[in-house]
Amino acid sequence: EAGVAQSPRYKIIEKRQSVAFWCNPISGHATLYWYQQILGQGPKLLIQFQNNGVVDDSQLPKDRFSAERLKGVDSTLKIQPAKLEDSAVYLCASSREIYNEQFFGPGTRLTVL
Amino acid sequence: AQSVTQPDIHITVSEGASLELRCNYSYGATPYLFWYVQSPGQGLQLLLKYFSGDTLVQGIKGFEAEFKRSQSSFNLRKPSVHWSDAAEYFCAFLAGNMLTFGGGTRLMVKP
Numbered sequence: 000e001a002g003v004a005q006s007p008r009y010k011i012i013e014k015r016q017s018v019a020f021w022c023n024p025i026s027g028h029a030t031l032y033w034y035q036q037i038l039g040q041g042p043k044l045l046i047q048f049q050n051n052g053v054v055d056d057s058q059l060p061k062d063r064f065s066a067e068r069l070k071g072v073d074s075t076l077k078i079q080p081a082k083l084e085d086s087a088v089y090l091c092a093s094s095r096e097i098y099n100e101q102f103f104g105p106g107t108r109l110t111v112l
Numbered sequence: 010a011q012s013v014t015q016p017d018i019h020i021t022v023s024e025g026a027s028l029e030l031r032c033n034y035s036y037g038a039t040p041y042l043f044w045y046v047q048s049p050g051q052g053l054q055l056l057l058k059y060f061s062g063d064t065l066v067q068g069i070k071g072f073e074a075e076f077k078r079s080q081s082s083f084n085l086r087k088p089s090v091h092w093s094d095a096a097e098y099f100c101a102f103l104a105g106n107m108l109t110f111g112g113g114t115r116l117m118v119k120p
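Protein chains in written order, with our numbering: chain A, 0 to 112; chain B, 10 to 120.
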């Protein structure tokens, strides 16, 4: 069974630029999560999808962050415009259903200069 | 407020020695509890989980954890550490639909 795929693995941008990350969850997993992990901290949930609907986006900075999961499979997370404090690893995870074990991708390391 | 605390930011142990990583949670009820491991450049891998029942939980790679309700703790243990165990370890709990992580403990293993 293939794991959660993410791309790119690394991205360096300047502040005020925009950036997008892509995630392909494990086949058949209905729930998809995006986390932000700042250096030295644990991951923090940004947004959770159940199929193509948003379950929880209470911690997503909606003035600059957006995410979508068209067709209930792949997902993209976008930041526009980026700030220095957005430098972090962005992790995607998926699970069969809500409350099931979450499987994590390798993450995208974003550096904002 | 709901939270997870890992009091030790860094721990160094000698290879072959025993290990205990501490985790305390703050939540109004008994949450679902997890331990994850993250190696450099890798995603998080689930080591073990506690939902209910036996308070001593066995996981992968020889790890175990014990849930103690009276202490609001879920400490991770391993009797004999291997050099490959060097990584960052995260305790987490599931409350409602949200998985909340502690700040992590970085484990270093001395030869």
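All residues carry an ideal CB built from backbone N, CA and C; glycine is no exception.
Keep in mind the model is a prediction, meaning the values are calculated, not measured.
Within-8 Å CB hit, residue i to chain A
{"i": "G37/B", "result": "no"}
{"i": "F102/B", "result": "no"}
{"i": "N33/B", "result": "no"}
{"i": "G25/B", "result": "no"}
{"i": "F99/B", "result": "yes"}
{"i": "N84/B", "result": "no"}
{"i": "L108/B", "result": "yes"}
Residue i versus residue j - alpha carbon distance
{"i": "Q35/A", "j": "K119/B", "result": "31 Å"}
{"i": "A92/A", "j": "S12/B", "result": "21 Å"}
{"i": "Q45/A", "j": "T21/B", "result": "Strictly speaking, residue 45/A in this sequence is Leu, with Gln absent from that position. Taking the straight line from one Cα to the other gives about 32 Å."}
{"i": "S74/A", "j": "A26/B", "result": "43 Å"}
{"i": "D56/A", "j": "F48/A", "result": "9 Å"}
{"i": "Y36/B", "j": "P42/A", "result": "19 Å"}
{"i": "N106/B", "j": "Q16/A", "result": "32 Å"}
{"i": "F64/A", "j": "K77/A", "result": "6 Å"}
{"i": "P49/B", "j": "P60/A", "result": "27 Å"}
{"i": "L55/B", "j": "C32/B", "result": "15 Å"}
Residue i burial status per 10 Å Cβ neighbour count (16 or more: buried)
{"i": "Q83/A", "result": "Note that residue 83/A corresponds to Leu in the displayed sequence, not to Gln. L83/A comes out exposed."}
{"i": "L31/A", "result": "buried"}
{"i": "W33/A", "result": "buried"}
{"i": "F102/A", "result": "buried"}
{"i": "E97/B", "result": "buried"}
{"i": "Q79/A", "result": "exposed"}
{"i": "I18/B", "result": "exposed"}
{"i": "W92/B", "result": "exposed"}
{"i": "T109/B", "result": "buried"}
{"i": "G27/A", "result": "exposed"}
{"i": "Q47/B", "result": "buried"}
{"i": "Q5/A", "result": "buried"}
{"i": "A38/B", "result": "exposed"}
{"i": "R8/A", "result": "exposed"}
{"i": "R68/A", "result": "buried"}
{"i": "A66/A", "result": "buried"}
Presumed contact (8 Å Cβ cut-off) between residue i and residue j, rounded CB distance
{"i": "T114/B", "j": "Q15/B", "result": "5 Å"}
{"i": "C116/A", "j": "V3/A", "result": "Because chain A is modelled from 0 through 112, residue 116/A falls outside the range shown and cannot be assessed."}
{"i": "I90/A", "j": "K10/A", "result": "The sequence as given places Leu at residue 90/A; Ile does not occur at that position. The pair is not a contact, with the Cβ atoms about 14 Å apart (cut-off 8 Å)."}
{"i": "A101/B", "j": "G111/B", "result": "7 Å"}
{"i": "L42/B", "j": "R86/B", "result": "14 Å between Cβ atoms; not a contact."}
{"i": "A74/B", "j": "N84/B", "result": "6 Å"}
{"i": "I37/A", "j": "A81/A", "result": "Actually they do not touch by this definition, with Cβ atoms about 14 Å apart."}
{"i": "Y34/B", "j": "F99/B", "result": "Between F99/B and Y34/B the Cβ distance is about 13 Å, and since that is not below 8 Å, they are no contact."}
Any C-beta of chain B under 8 Å from that of residue i
{"i": "L83/A", "result": "no"}
{"i": "Y89/A", "result": "no"}
{"i": "L44/A", "result": "yes"}
{"i": "V72/A", "result": "no"}
{"i": "V53/A", "result": "no"}
{"i": "G106/A", "result": "yes"}
{"i": "E100/A", "result": "yes"}
{"i": "Q116/A", "result": "Lying before the first or after the last residue shown, residue 116/A is absent from chain A, which here runs from 0 to 112."}
{"i": "G27/A", "result": "no"}
{"i": "Q157/A", "result": "In this structure chain A extends from 0 to 112, so residue 157/A is not present and cannot be described."}
{"i": "I37/A", "result": "no"}
{"i": "I114/A", "result": "With chain A represented from 0 up to 112, any question about residue 114/A goes unanswered, as that position is not in the structure."}
{"i": "F64/A", "result": "no"}
{"i": "F103/A", "result": "yes"}
Residue i Cβ short of 7 Å to the ligand ZN heavy atom set
{"i": "G25/B", "result": "Of the ligands one can find in the structure shown there are none, so the ligand ZN has no counterpart to examine."}
Residues of the region 45–70 of chain B with Cβ closer than 9 Å to any Cβ of chain C, in chain order
No chain C is part of this structure, whose protein chains are labelled A and B.
Whole beta strand (DSSP E) runs in the region 33–68 of chain A with 3 or more residues, listed along the chain?
Counting only runs of 3 or more residues that sit fully inside the region 33–68 of chain A, the beta strand (DSSP E) segments are 43–49, 52–55 and 64–67, in chain order.
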